[in-house]
Amino acid sequence: MNDKTKPQEKRGGWLSRFAPGVRKIVSRRDTPDNLWVKDPDSGEMLYRSDLEAALWVTPSGRHMRIDAPTRLKATFDGGVFQSIDTPDVPEDPLKFSDGKSYKDRLNAARKAAGRKDTMAIGYGSVGGQNAVVIVQDFTFMGGSLGMAAGEAFIKAAREAVSRKVPLVCFTAAGGARMQEGALSLMQMARTTLAIEELKDARLPYAVVLTDPTTGGVTASYAMLGDVHLAEPGALIGFAGPRVIEATIREKLPPGFQRAEYLQEKGMVDRVVTRADLPRTLGQILSMLMGGTRAAA
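Under full-length UniProt numbering, the first residue of the sequence shown is numbered 1, with each subsequent residue one higher.
In structure tokens:
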């Protein structure tokens, strides 16, 4: 039985018996929070560096969403390209607030992404064919279409015309940006007119539909390409499947609005894995530009 009158020996486990210097050497090291990524399909924990090397495609085949800098680097040959600045636009013209001001939301998104808005533009060689590439980044306010995105698309189209090269657009959006109201909806018409400038110059316009591409983006420049490619499993549509089911009160068929289903129905020309996109785009664009390289 312990004598409560005696001072109790401080307990600290076996490691406490070592000298402080030794304890410091064998102490637990801090592990980065982002070292592992969970596979959304299998639940398996994947090493982040392995995922990056695989272009963020999991062993189960899931094409995870990637940001604009990663997309541009993966698309251009050798990851080398010339960055093209996007135009400045008026901020918060409607003085919109949904409990938090639009300006505050923009500032937070810019701080997280390190750029002005959802669109990023680059020029370089894609599969051996020079092209202007514009990427819509879903991580920036859901890739929402606003004035900045519309102006960026027009800038990209005109850069392609001035350089006499094709335009490639990677789409990813939840729709129009509600904080800009009718001004965001106007971008659907303005981007359509920019595509007409490409057609007048007899230059190809290719679209790569990534997960997700919905709303006003699908209703405009995402579906006006000369060729439509899509990444495997990408959700592509106007309204989401849950909204459609609630509206028509019917169960939708398996795979509805997914890239493979839309290829079967003729809405998508081809479903292409991320690793094969640069080569496939290069072959198609070269052919459309009158080159001699055969399409895959």
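Where is the CB? At the ideal position from N, CA and C, for every residue including glycine.
These numbers were taken from a predicted model, which means no experiment stands behind them.
Residue(s) in a DSSP beta bridge with residue i
i, result
"A176", "L145"
"T86", "Answer is none; T86 lacks a bridge partner."
"Y47", "W36"
"A206", "V168 and V227"
"V80", "In the DSSP output, where bridge partners are listed per residue, V80 has none listed."
"T213", "A173 and I236"
"S125", "N130"
Cα-Cα separation between residue i and residue j, rounded to whole angstroms
i, j, result
"A194", "G174", "21 Å"
"Q82", "V135", "14 Å"
"R115", "D137", "11 Å"
"M267", "R274", "19 Å"
"V207", "C169", "5 Å"
"F256", "E264", "11 Å"
"S42", "L252", "24 Å"
"M287", "P278", "14 Å"
"L183", "Y102", "14 Å"
"L281", "E44", "32 Å"
"residue 315", "P93", "Lying before the first or after the last residue shown, residue 315 is absent from the chain, which here runs from 1 to 296."
"R293", "Q283", "Because the pLDDT at R293 is just 40, under 50, the model does not fix this residue reliably, and the point stays unresolved."
"D104", "G181", "17 Å"
"N107", "A74", "27 Å"
"L55", "G233", "15 Å"
"D276", "F96", "42 Å"
"V271", "E231", "6 Å"
"residue 301", "T58", "Since the first residue shown for the chain is 1 and the last is 296, residue 301 is missing from the structure and cannot be characterised."
"A259", "G240", "14 Å"
"A189", "L35", "43 Å"
"Q129", "P166", "9 Å"
"F153", "S60", "34 Å"
"M119", "E250", "36 Å"
"V243", "G237", "11 Å"
"R71", "E245", "33 Å"
"P40", "G146", "30 Å"
"E52", "K38", "13 Å"
"A109", "D269", "34 Å"
"M289", "D200", "14 Å"
"P90", "L185", "16 Å"
"K164", "A113", "31 Å"
"G142", "Y123", "24 Å"
"T191", "R202", "17 Å"
Cβ separation of residue i and residue j, assumed to be a contact under 8 Å, to the nearest whole Å
i, j, result
"S144", "A172", "Wrong, their Cβ atoms sit about 10 Å apart, outside the cutoff."
"G127", "D77", "7 Å"
"A148", "T86", "7 Å"
"L209", "A222", "6 Å"
"I121", "I66", "Not a contact, Cβ separation roughly 16 Å."
"V132", "E159", "5 Å"
"E196", "V161", "Actually they are not in contact, since the Cβ atoms of E196 and V161 sit about 11 Å apart, beyond 8 Å."
Assigned secondary structure, residue i (DSSP; H/G/I helix, E/B strand, else coil)
i, result
"I244", "helix"
"D104", "helix"
"D92", "coil"
"S60", "coil"
"M289", "coil"
"V271", "strand"
"S97", "strand"
"Q136", "strand"
"A120", "strand"
"R110", "helix"
"R258", "strand"
"E197", "helix"
"K265", "coil"
"K155", "helix"
"L277", "helix"
"L183", "helix"
"I66", "coil"
"L55", "coil"
"S162", "helix"
"R249", "coil"
Cβ-based burial, residue i [other Cβ within 10 Å; buried from 16]
i, result
"K155", "buried"
"D88", "exposed"
"S220", "buried"
"P212", "buried"
"L229", "buried"
"M178", "exposed"
"G79", "exposed"
"T218", "buried"
"T247", "exposed"
beta-carbon residue i near the ligand HEM non-hydrogen atom, thresh 8 Å
i, result
"V132", "The ligand HEM is not among the ligands present in this structure, which contains no ligands whatsoever."
Short CB-CB distance (under 9 Å) between residue i and chain D
i, result
"H63", "The structure shown contains no chain D; it holds only a single protein chain."
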